[in-house]
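If you're matching positions, the sequence shown starts at 0 in numbering that gives the first Met the number 0 and goes up one per residue. C-beta atoms are modelled at their ideal positions from N, C-alpha and C, and glycine is treated no differently. These numbers come from a predicted model, not from an experiment.
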Amino acid sequence: MSQWLGPVLAQILARGAPPAAVEDAITEAKTTGRALRDVLVDEHIITETELAEATAQTYGYKTIDLLAHDLDNPATWKLPIALCKRHVVVPVGVEGAELIVAMSDPVDVIAMDDIRAASGGMPIRPVVAARDELLKTIDRMARDATDLDEVGEQLGRDDEANPAAVLTSSEDAPIVKYVNSLIEQAINNRASDIHLEPTDGDLRIRFRIDGVLHEIESVQRSAQSALLSRIKIMSALDITERRIPQNGRLTVTIGSRKVDLRSATLPTVYGEKIVLRVLDTGGIDLELTKLGFTEENYKRYTESFTKPHGMLLVTGPTGSGKSTTLYATLNAISSSETNIITVEDPVEYRLPGINQVQVNHKAGLTFARVLPAILRSDPDVVLIGEIRDRDTAQLGVEASLTGHLVLSTLHTNDAPSAVTRLIEMGIEPYLVGSSIDCVLAQRLARKLCEWCRESYAPDMVELTSARWPHEFISTPNTLWRPVGCRSCAGTGYRGRIPLHEVMTVSEQIERLAVARSSANEIRRVANEEGMQSLRTDGLRKAAEGLTTIAEVLRVAV
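In structure tokens form, the structure reads like this:
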């Protein structure tokens with residue numbers, strides 16, 4: 000066991016690592032000769048980030064998020080790249096006479112001596128970073144992939160006159176390396192979307208992480224056209240067409256796994272904006288019981304999709320997790336005896352044992368056109384990616400009334416509005432009431448970081464302003480708020496949790512649909528029958544310490 004890791008083990012155990020698992024890891028390291036740190040990480044006992052936090056706390060050093068840190072170029076070249084690779088260290092800045100160096104082992108005496116000698120005898124101040132981030136940063140330094148000045152000098156304005164010049168770029172070209180590095184950074188940071196937005200003076204790059212946009216960097220305008228053209232080439236889009244929106248798809252390889260991204264261009268007054276939607280199934284758990292349902296909501300929801308026919312709708316805005324919920328539902332009902340067919344735009348997750356059809360608008364393969372063919376294929380369950388128009392809605396309703404279980408999504412603000420929305424589309428009210436069995440409204444709220452969340456005693460002013468539902472949730476003595484630490488990049492949140500509103504369509508709600516009653520009237524009856532609102536479900540999770548009142552009110556008024 001290394002001099003560094005021995006004292007850190009106590010901190011790892013204090014952070015909740017199972018003692019038996021740690022003992023097994025020590026035994027495996029001794030038996031196989033592997034480094035103990037590698038065993039701990041590979042066996043998911045602790046992450047690299049948590050290991051960095053534990054190390055910093057043990058030895059009293061600060062931590063640094065290298066992926067979010069803007070490397071100081073003068074400091075970067077204080078050390079030879081070969082030395083950085085050998086000791087896995089990165090110089091990150093100079094303060095006074097001191098050289099600040101990021102490393103995973105701040106008590107490595109040999110590394111410190113080598114760094115001091117290579118820097119001309121400068122005093123060294125260690126800061127702790129996750130080893131995987133150190134390796135990525137060293138690789139980026141070695142490849143010089145982020146040298147955007149070179150991109151601008153090589154391509155600059157000439158590319159605007161001749162976009163096809165990017166087609167001749169080799170895999171070693173700076174623009175190619177930069178785009179690959181940008182996508183890899185986004186995926187490693189758990190970003191769901193990458194926004195490249197032209198402005199008056201530069202190109203702004205932002206990542207959406209846990210539902211909130213974060214500005215990453217800005218690119219000089221001379222490299223803008225080359226950067227956007229490269230992404231369009233990867234997405235098989237027309238690089239000469241800049242006047243109309245285009246949609247495409249690309250696949251990148253990150254380590255040993257492949258990640259799909261969906262691209263969309265939009266002409267703006269300063270040039271084309273491109274958004275890349277990350278369709279990464281690597282971190283998605285399609286186990287329905289792990290999607291944050293309360294016991295009552297889970298019971299109401301499962302009763303709907305275990306029936307042989309009827310329509311189940313999931314509603315919410317874009318990016319609220321509707322597709323994940325529907326895929327988890329399919330995963331729960333999929334079997335060798337069930338014929339499940341989906342029609343989607345696009346197919347986001349590929350599931351084994353399920354027939355998935357991709358919409359192709361250019362070929363005329365729309366939802367409305369493909370649904371009759373699906374119904375002739377003897378399905379038991381049909382998933383329609385989204386109900387967008389009357390024809391698709393009509394076919395879905397008819398399918399649910401002729402012995403099929405139909406699952407789909409709809410863009411409404413809450414569950415009761417789904418009934419009135421279908422009627423507004425032109426579906427007969429009596430068909431809407433008799434076909435819909437259940438509507439699930441969903442939002443995603445940021446989840447509090449478990450490492451740094453802080454408890455406090457709420458006052459009645461805060462609870463009253465949040466309209467705390469005392470009839471459903473007892474008045475809490477303790478709530479939690481975000482603080483910010485190394486694990487959550489200082490935001491106080493890490494990951495997201497879903498908030499649910501489950502409305503089962505009873506005989507009373509069916510009568511209201513036939514009478515063309517308002518969504519408010521339907522909501523009143525649904526509440527009387529046991530439906531709990533998105534806000535109530537969110538506040539219940541705030542009381543459990545999973546999120547905050549402010550975050551609940553942000554996504555569910």
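Any contact between the segment 495-511 and the segment 405-420? By contact I mean 3 or more CB pairs, one from each, below 8 Å.
Segments in contact, yes.
Among the candidates Tyr177, His213, Arg207, whose CA atom is the shortest distance from the CA of Ala228?
Translated into positions along the sequence shown, residue 228 becomes position 229. Correcting the residue type first, residue 228 is Ser in the shown sequence and not Ala. Among Tyr177, His213, Arg207, the Cα nearest to that of Ser228 belongs to Tyr177.
Please report how far the alpha carbon of Thr503 lies from the alpha carbon of Arg261, in whole angstroms.
For the purposes of this step, residue 503 is identified with residue 504 of the sequence shown, where counting begins at 1. For the purposes of this step, residue 261 is identified with residue 262 of the sequence shown, where counting begins at 1. Each residue's alpha carbon lies about 34 Å from the other.
In the DSSP assignment, what residue or residues form a beta bridge with Gln558?
In the structure displayed, the chain extends from 0 to 556; residue 558 sits before or after that span and is not available.
Where does Asp148 land, buried or exposed, given buried means 16+ other C-beta within 10 angstroms?
The residue labelled residue 148 in the question sits at position 149 within the sequence shown. Because the pLDDT at Asp148 is just 49, under 50, the model does not fix this residue reliably, and the value given afterwards should be weighed accordingly. Exposed, since its Cβ has fewer than 16 Cβ neighbours within 10 Å.
Helix, strand or coil for Phe366 per DSSP?
The count along the sequence shown starts at 1 and reaches residue 366 at position 367. If DSSP states are grouped into helix, strand and coil, Phe366 belongs with the helices.
Report the option in Thr293, Ala55, Pro197, Leu236 whose CA atom is closest to the CA atom of Gln245.
Here residue 245 corresponds to residue number 246 of the sequence shown, with the count starting at 1. The shortest C-alpha separation from Gln245 is found at Leu236.
From the DSSP secondary-structure annotation, give me the bridge partner or partners of Lys558.
Because the chain here runs from 0 to 556, residue 558 falls outside it and cannot be looked at.
Find the nearest neighbour of Gly204 within the set Asp192, Ser217, Leu212, Gly210, judged by alpha-carbon distance.
For the purposes of this step, residue 204 is taken as the residue at position 205 of the sequence shown. Sequence inspection shows Ile at residue 204; the Gly mentioned does not correspond to that position. For Ile204, the nearest C-alpha among the options comes from Ser217.
In chain order, what residues of the same chain have a beta carbon less than 6 Å from the beta carbon of Ala465, not counting five sequence neighbours either side?
Residue 465 sits at position 466 when you count from the first residue of the sequence shown. Answer for Ala465: Ile548, listed in chain order.
Taking buried to mean at least 16 other C-beta atoms within 10 Å of its own C-beta, is Gly59 buried or exposed?
In the sequence shown, counting from the first residue as 1, residue 59 sits at position 60. Exposed, because fewer than 16 other Cβ atoms sit within 10 Å of the Cβ of Gly59.
Give the DSSP-derived three-state secondary structure of Lys61 in the structure shown.
The residue labelled residue 61 in the question sits at position 62 within the sequence shown. Note: Lys61 maps to coil in three-state DSSP.
By the three-class DSSP mapping on this structure, what secondary structure does Lys446 have?
Reading the sequence shown from its first residue, position 447 is the one you call residue 446. Lys446 falls in the strand class under three-state DSSP.
Sorted by chain position, which residues of the same chain lie with C-beta nearer than 7 Å to Ser319's C-beta, five sequence neighbours on each side aside?
Counted from its first residue, the sequence shown places residue 319 at position 320. If we look at Ser319 and ignore the five residues flanking it on each side, its Cβ neighbours are Gln441, Arg442, Leu443.
Do Ile80 and Ile45 have their C-beta atoms within less than 8 Å of each other?
If you number the sequence shown from 1, residue 80 lands on position 81. If you number the sequence shown from 1, residue 45 lands on position 46. For Ile80 and Ile45, no; Cβs fall outside 8 Å.
As an exercise, report each continuous alpha helix (DSSP H) stretch of at least 4 residues that is fully enclosed by the segment 280-344, in chain order.
Counting only runs of 4 or more, we get 294-304, 321-332.
If we ignore side chains and look at the alpha-carbon of each, how far apart do Thr411 and Ala96 end up?
Taking the sequence shown and counting its residues from 1, the one referred to as residue 411 is at position 412. Taking the sequence shown and counting its residues from 1, the one referred to as residue 96 is at position 97. Going by the C-alpha atoms only, they are around 59 Å apart.
State the DSSP-derived secondary structure class of Ala16, mapped to helix, strand or coil.
By one-based count along the sequence shown, residue 16 stands at place 17. Coil.
Anyone know if the C-beta pair for Pro371 and His403 falls short of 8 Å?
Looking up residue 371 in the sequence shown gives position 372. Looking up residue 403 in the sequence shown gives position 404. No. Outside cutoff.
Beta carbon of Ala190, beta carbon of Val277: below 8 Å?
Translated into positions along the sequence shown, residue 190 becomes position 191. Translated into positions along the sequence shown, residue 277 becomes position 278. Yes; because the gap between Cβ atoms is below 8 Å, this pair is in contact.
Can you have a look at Gly210 and say buried or exposed, based on whether 16 or more other CB atoms are within 10 angstroms of its CB?
One-based indexing of the sequence shown puts residue 210 at position 211. Its Cβ being crowded by 16 or more others within 10 Å, Gly210 is buried.
By Cβ distance, which residues of its chain are closer than 6 Å to Leu249, with the 5 residues on each side in sequence left out?
On the sequence shown, position 250 is the one that residue 249 refers to. Met233, Ser234, Leu260.
For Thr328, count neighbouring Cβ atoms within 10 angstroms of its own Cβ and tell me buried if that reaches 16, exposed if not.
Within the sequence shown, the letter at position 329 stands for residue 328. Buried is the call here.
With a CB to CB cut of under 6 Å and the five nearest residues on each side skipped, what residues in its chain are close to Ala331?
Here residue 331 corresponds to residue number 332 of the sequence shown, with the count starting at 1. Hits under 6 Å: Leu287.
Mapping DSSP to helix, strand and coil, what is Asp112?
Taking the sequence shown and counting its residues from 1, the one referred to as residue 112 is at position 113. Looking at Asp112 - three-state DSSP - the assignment turns out to be helix.
Can you tell me the Cα-Cα spacing of Gly120 and Pro90, whole angstroms?
Within the sequence shown, residue 120 is the residue found at index 121, counting from 1. Within the sequence shown, residue 90 is the residue found at index 91, counting from 1. Rounded to whole angstroms, Gly120 to Pro90 spans 14 Å at the Cα level.
So, for Leu78: in the same chain, excluding its five sequence neighbours on each side, which residues have a beta-carbon less than 6 Å away from its beta-carbon?
Sequence index remark: in the sequence shown, residue 78 carries index 79 (1-based). Same-chain partners within the cutoff: Pro90, Ala117.
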